[in-house]
Every structure is written in structure tokens, then in C-alpha cells.
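Please read the structure below before turning to the comments.
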Amino acid sequence: MDTPADLPFSPGGERLSAGSYVDLMEQLPEGIVFADAQHRLMLANSRAERLTGLPLRTMVGQDVRTALPLFDAAGSSWWEGNDPWGGLRTRSGSPECRVAVSSGHTVLLATRHIRRSDRTLRFLIMSMRDTRARDRIEADMSALITTVAHELRSPLASVSGFSRTLAGRWSQLRDDQKRWMLDAIETDAQRLSRLVGELLDISRLDTGRLVLHRRPLDLTAAVSERVARIVSAGQDPTRFSVIDDSDGTDLWADPDRVAQIVDNLLQNAVRHGAGKVRAHVHSGRDNIMLDVSDEGPGIPLDERTVVFSRFWQADARRKTGSGLGLYVVRGLVEAHGGHVTVLDEGPGATFRVTLPSDLPKSLR
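In terms of my numbering, the sequence shown is residues 2 to 365.
Rendered as C-alpha cells:
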């Protein structure tokens, strides 16, 4: 009878004992099950038992189809639909799919078919993974699509409606009406541009493809510039203050990305906070810190661990943005080797960004 020890483990043809295979299988993060050409369950690791909720290692020698009943999404037997021992002999396995086990557990299952020279099945290797990671990814994707659709709908409707009105009634509209509609179109176009930019940044951050173009940067000057831009867009200038308690040390950072960090924090304070918005730049031992504070209701203690998650909203009942801004802030700060936190200071919310201040030796 063939055993897993008959399989070559290396190009040199080294063969391992069955016990060695079991030891190796116990180190794997996946659940692994071996079956032979006679449908017999040969080996299973403890991870497979935990995922399926079945005592598979006590059922070695039994028909694997009986020991491990599997069902597809329609409730039909997975074994009957796939039949690894029958069908085309060119099959090398089956792609990963979600299956249910008789115990009520659900797993992601993929198989490999080890065949003899005559293409008959020699071993069936089953690999199982937990569905929770896949479920989280799918839930995040669904939430992202829903959020993007919601955020796109309103500005697109505005741009489309005002453009149609301007095109159809240009000669009938007063100049002030035309200007108001054109300003609305520009505002919504900028909103769309910000959302697309956030989505691109999330993709780069999540895949490690973000490129930073660093140079010496005066953080206080960068903050003052972003405040001036917000004021020029219509915000009350008396609402903002920039306090510089730094030692004058420059950051070694990407100016565009730092501007994005500051913008997101200031806009968050304007949108969710109230009263004055204060930006305080100060120096630490080997870093420079920026505190952005508002006088709003603050952030509940139990939400501070999730405030930098995707789609977090200060008020879930009142959607006021994509919920991606603080997630992007954290990613950009960490890409610079820093960190961002919510301080336990009230009233209002205070976000602290800490960035390393060390310059390259050639610039010191």
C-alpha cells in the first residue's frame, strides 16, 4: 500500500517516514488531509480537525468520504460533484472553494491529485483554510463598493444636473446663477478627485507600492500653508491657530504626502469638531510632533482603537465623508516611519502625528 512516505520530498529523491510527514504537517497553518487510491483516510493534521470540528485522526483507514462529509453551496455532496478518483485523468486538482462540513463548520477547500505514470490517482491531498479571512476581505470589498457608490452618486448627480441646466438654459440664466452653478460643479469635481485619490492611495498602501519623494521639510510652514488653503476655500480664519514650539529641525519627508496628512486631519476637525481648530507643532528627542485639536464632542474611549480603520465615521447615523481619510493618514504616517494616535485630552478630539526628524548625514 502506498503511503505519503513514498512521495519524493526533494529533487534529490529524499524520502521521509510517515512520522516525519505528520510532524511537518503539524507545522502548517492549513488543515491537511491525505487519502489514497482506495478512498482511505491516511493522515490528517490537528489544524484539519480544528477547522472541520471532526476527530479525523481517530478515523484513519476509514473511507474519507464518510469520515469527512463535504457539501457545496447547494447542499449537494461535494464528493459526488468532484469525484477525485473518477473523471478526467488529466485533472491535477480542484480550485479553492467554500464547502460545508457535516459538523456545521465551513472551510475553504482546495485539492491536489498525485497520479501514477498511467494517470490513475495515487494520492489525494486536501488543503483547508479558515473562511474568516476571506469573509473579512469580501466584507471590506462590499463596504468599499457601497461607500464609493454612495460618495460618487451625489457629486455626479450635481455635476450632471448643473451641466445640463447650463447647456440648455445658458442664455436665460443671470451671470450670478451661472457662476453659482459653475462653482458647485468645481466643488463636486474636487470632491470626486479626492475620493479617487484616496482609493488609489489605499491601493498603494495596502500593496506596499507607495513611493515617497523625501526632502527637507519645515512642518510648521507646511501646516500654515494648508490652513491658508482651507481659509481661502471659505472657512472662517479666526477658527484656526497654528502654534510653533518646535526647535526648527526639518523633517525628511515627502511634502505632498505630509500636506495630505495635514489636510485630512484639518478637514476631519472642521467636519466633525466644533469651535476652534488648533495645530500645534512641537519637538521631541528624535522626532517632531503635530497635534490637531478641535472643540467638538471628542471620540469615545471604546472607539479609539478603530478610529483609523476603513470607513470609520464619528457619527455612523450621519454620513459626512468616505470614512477613508484617517485610514489614509495612518498609512502615510507609518510609511514615513512614524505613528498617529488619539490623545486622551479634552474637550474635543486631539490627533497626534509623530514623525522622525533624522535627516540624512549629507544634509545635517
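Here a beta-carbon is modelled for each residue, glycine too, at the ideal position from N, C-alpha and C. Quick caveat: nothing in here was measured; it's all calculated off a predicted structure.
Quiz item: So residue 94 packs on residue 112, CB below 8 Å; how close in whole Å?
Solution: 5 Å
Quiz item: Could you give the distance in angstroms between the alpha-carbon of residue 344 and the alpha-carbon of residue 202?
Solution: 26 Å
Quiz item: residue 327 to residue 284, Cα distance in whole Å?
Solution: 23 Å
Quiz item: What are the boundary residues of the beta strand (DSSP E) that includes residue 348?
Solution: First-last for residue 348: undefined, no H or E at that position.
Quiz item: In terms of residue numbering, what span does the alpha helix (DSSP H) encompassing residue 96 cover?
Solution: Looking at the DSSP string, residue 96 is not in any alpha helix (DSSP H); the run it does join, the beta strand (DSSP E), is 94-102.
Practice problem: Report back the beta-carbon spacing between residue 294 and residue 351 to the nearest angstrom; my notes put them in contact at under 8 Å. | Solution: 4 Å
Quiz item: Less than 7 Å separating the beta-carbons of residue 334 and residue 308?
Solution: no
Quiz item: Does the pairing of the stretch 69-88 with the stretch 141-156 give three or more beta-carbon distances under 8 Å?
Solution: no
Quiz item: Ordered along the chain, which non-local residues of its own chain (more than five positions away) have a Cβ less than 7 Å from that of residue 296?
Solution: 274, 275, 276, 277, 348, 349
Practice problem: Going by CA-CA distance only, name the one from 39, 61, 33, 64 that's closest to residue 53. | Solution: 33
Quiz item: Tell me, which residues are paired with residue 253 by DSSP?
Solution: 217
Quiz item: On the premise that residue 156 lies in contact with residue 184, defined as a C-beta separation below 8 Å, what is that separation, rounded to the nearest angstrom?
Solution: Residue 184 to residue 156, Cβ: 13 Å. No contact.
Quiz item: Roughly how many whole angstroms lie between the Cα atoms of residue 225 and residue 208?
Solution: 32 Å
Exercise. Identify, in the order they occur along the chain, each residue of the same chain with its Cβ nearer than 6 Å to the Cβ of residue 186, setting aside the five sequence neighbours on each side.
Key: 160, 163
Self-check item: Nearest-angstrom Cα separation, counted from residue 215 out to residue 281
Solution: 23 Å
Practice problem: Taking all protein chains shown into account, decide if residue 57 is buried (16 or more other Cβ within 10 angstroms of its Cβ) or exposed. | Solution: buried
Quiz item: residue 236: beta carbon under 6 Å from a heavy atom of the ligand NAP?
Solution: As for the ligand NAP, it is missing from this structure, which has no ligand bound.
Quiz item: Could you give the residue range of the alpha helix (DSSP H) that holds residue 300?
Solution: Element bounds for residue 300: n/a, residue is neither H nor E.
Exercise. Leaving out five residues on either side along the sequence, give the residues of the same chain with a beta carbon under 6 Å from the beta carbon of residue 291.
Key: 282, 354
Practice problem: Enumerate in chain order the residues of its own chain whose CB-to-CB distance from residue 31 is below 7 Å, with the five nearest sequence positions on each side excluded. | Solution: 48, 128, 129, 130
Quiz prompt | Beta-carbon spacing of residue 227, residue 260 below 7 Å | solution = yes
Self-check item: Proximal residues to residue 258 (C-beta, below 7 Å), its chain only, five neighbours per side dropped
Solution: 213, 333
Exercise. Buried or exposed for residue 114, please, with buried defined as at least 16 other CB atoms from any protein chain shown within 10 angstroms of its CB.
Key: buried
Exercise. Give the DSSP bridge partners of residue 129, in chain order.
Key: 32, 110
Practice problem: Go to residue 188, then tell me how far its alpha helix (DSSP H) extends in each direction, as first and last residue. | Solution: 176-208
Quiz item: So residue 61 and residue 43 are in contact, right, with Cβ under 8 Å, and what is the actual spacing, rounded?
Solution: 7 Å
Quiz item: How would you label residue 287, buried or exposed, when you count the other beta carbons within 10 angstroms and need 16 or more for buried?
Solution: exposed
Self-check item: 7 Å Cβ shell around residue 342 - same chain, five flanking residues per side excluded
Solution: 353
Quiz item: Can you tell which of 109, 46, 41 has its C-alpha closest to the C-alpha of residue 85?
Solution: 41
Quiz item: What are the boundary residues of the alpha helix (DSSP H) that residue 47 is part of?
Solution: 47-53
Quiz prompt | Separation of residue 100 from residue 82, as counted between CA atoms | solution = 12 Å
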